[in-house]
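S.K.: Have a look at this one before I ask anything.
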Amino acid sequence: MKLKTAICALALTMILSGCGSLSGGHNIDSGFAYIESHQYDNALESFSVAEEKGEDACLIHRGRGIAYLYKNEYELAVNELLASLATDEGIVDDMDFDTNYYLAEAYYKLGEYNKAKEVYDAIIGLRSKDSNAYYLRGTAELAAGDHDLGYADFTKAISLNPKDYSMMIMICKSLDEQGYGEEGRSILSKAMENGSDFMSNYERGQIYFYLGDYQSAVQYLETASNERDQDKEPVILMLGHTLETMGDYSTACSKYSNYLRDNPSSAVVYNRLGMCQIKLADYESAVASFEAGIAIDDKAMNQALTLNQITAYEYMGEFNLASSLMTTYLETYPEDETAIRENIFLSTR
């Protein structure tokens, strides 16, 4: 038993070892800038050059781990993030905790929920009032099939931050995904009863949406969309999503279009507008919306916009054009297995 305890202690020491500052060299800085702009292959190339130049190994592994995580290459992400945490023996700082969050996420994406839980255990061991760690550990426990432990961690997270309504919504979604939707809605109902005076109109609108009261959700989201100090984009996206859920695609399109007149650089809203226009069988308008979104060159949205544009051309019956665009798409995003299957379908048309 003593030996087992010593091994566990050693493992936690490795997981929470120090990693220094984020100033590790020119190529490392370039790599993280590429990650910020969602250019993950370019980031990996920069980290390889950084390694050749002898720049900070801890930060190189960290950067690679994050890039692989966002490329959905989770095993490689785990290996790099563990290497980052094992490379440096500095004092534990905020960046080390951040790296551990990435590591736990990679384990979770791999379906290794117990390993993700162990990382969160280590974080909570040093930060006992970290509500986010309790919430995330709860999701891992719930996914691993331990409802009681997961729910207890959710309760703890809420008690540590009782006005974090965004976290409560995420807890509700996590419970719903695992078949405990009623429990999630109960949490939101209690939040509405006990803390509605502290909520913004946007938060009220979100909560009413997840409670299934779409009319009330629309009411509060409309109010939030007219508030000066409110970030409008998430409000419009939530309002449009609510209207779409109600089947009111025409009004949703109107909300998206009105927003874009004043905010023409929102690729994500162009994407939602295009998808909504597809629902209305207005395929030419959908193609135009996707093209406008692609022209913004938002690296985080380009893949979705391009694929949705191809889908719109398919609905129009423009199969040759869709096939040609799909070939180009797969040259840029060769890892998209769904698109590969769709390309096979297009080749038969």
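Take the position in the sequence shown, starting the count at 1, then add 3; the result is the number in this note's numbering. Ideal placement from N, C-alpha and C gives every residue a C-beta, glycine not left out. Remember, it's a predicted structure, so these values are computed and weren't measured experimentally.
1) Which value, in whole angstroms, describes the spacing of the CA atoms of residue 321 and residue 80?
2) Run the CB neighbour count on residue 218, radius 10 Å, all protein chains shown included, and call it buried at 16 or more, exposed below.
3) Identify the continuous alpha helix (DSSP H) that holds residue 159 and give its terminal residues.
4) Rounded to a whole number of angstroms, what is the C-alpha to C-alpha distance between residue 48 and residue 254?
5) Identify whether residue 215 lies in helix, strand or coil by the three-state DSSP scheme.
6) Three-state secondary structure (DSSP) at residue 110?
7) Under the assumption that residue 68 contacts residue 83 (Cβ atoms under 8 Å), give the Cβ distance between them as a whole number of angstroms.
8) Taking contact to mean 3 or more Cβ pairs, one atom from each stretch, closer than 8 Å, check whether the region 323-334 and the region 286-293 are in contact.
9) May I ask you to report which of helix, strand or coil DSSP gives residue 49?
10) Please classify residue 311: is it buried, with 16 or more other beta-carbons within 10 angstroms of its beta-carbon, or exposed?
11) Take residue 45 as the anchor and find which of 61, 73, 59 has the nearest alpha-carbon.
12) Take the Cβ of residue 120 as the centre, count every other Cβ of all protein chains shown within 10 Å, and call the residue buried at 16 or more, exposed below.
13) I need the straight-line Cα distance from residue 224 to residue 203, nearest angstrom please.
14) Taking only three categories from DSSP, how would you classify residue 31?
15) Does any C-beta atom of chain C lie closer than 9 Å to the C-beta of residue 238?
16) Grab me the residues of residue 153's own chain with a C-beta within less than 6 Å of its C-beta, minus the 5 sequence neighbours each way, in chain order.
17) Taking all protein chains shown into account, do 16 or more other C-beta atoms lie within 10 angstroms of the C-beta of residue 277, making it buried, or fewer, making it exposed?
18) Helix, strand or coil: which one does DSSP assign to residue 177?
19) Tell me the residue span of the alpha helix (DSSP H) that contains residue 198.
20) Pick helix, strand or coil for residue 294, following the three-state DSSP scheme.
21) Taking its Cβ as the centre, do 16 or more other Cβ atoms sit within 10 Å of residue 106, making it buried, or is it exposed?
22) Output the boundary residues of the alpha helix (DSSP H) element that contains residue 78.
23) Cα-Cα, which of 112, 115, 126, 109 is closest to residue 98?
M.R.: Put simply:
1) 40 Å
2) exposed
3) 150-163
4) 45 Å
5) coil
6) helix
7) 4 Å
8) no
9) helix
10) buried
11) 73
12) buried
13) 10 Å
14) helix
15) Absence of chain C from the displayed structure is noted, only one protein chain being present.
16) 141, 144, 145
17) buried
18) helix
19) 184-198
20) helix
21) buried
22) 77-90
23) 126
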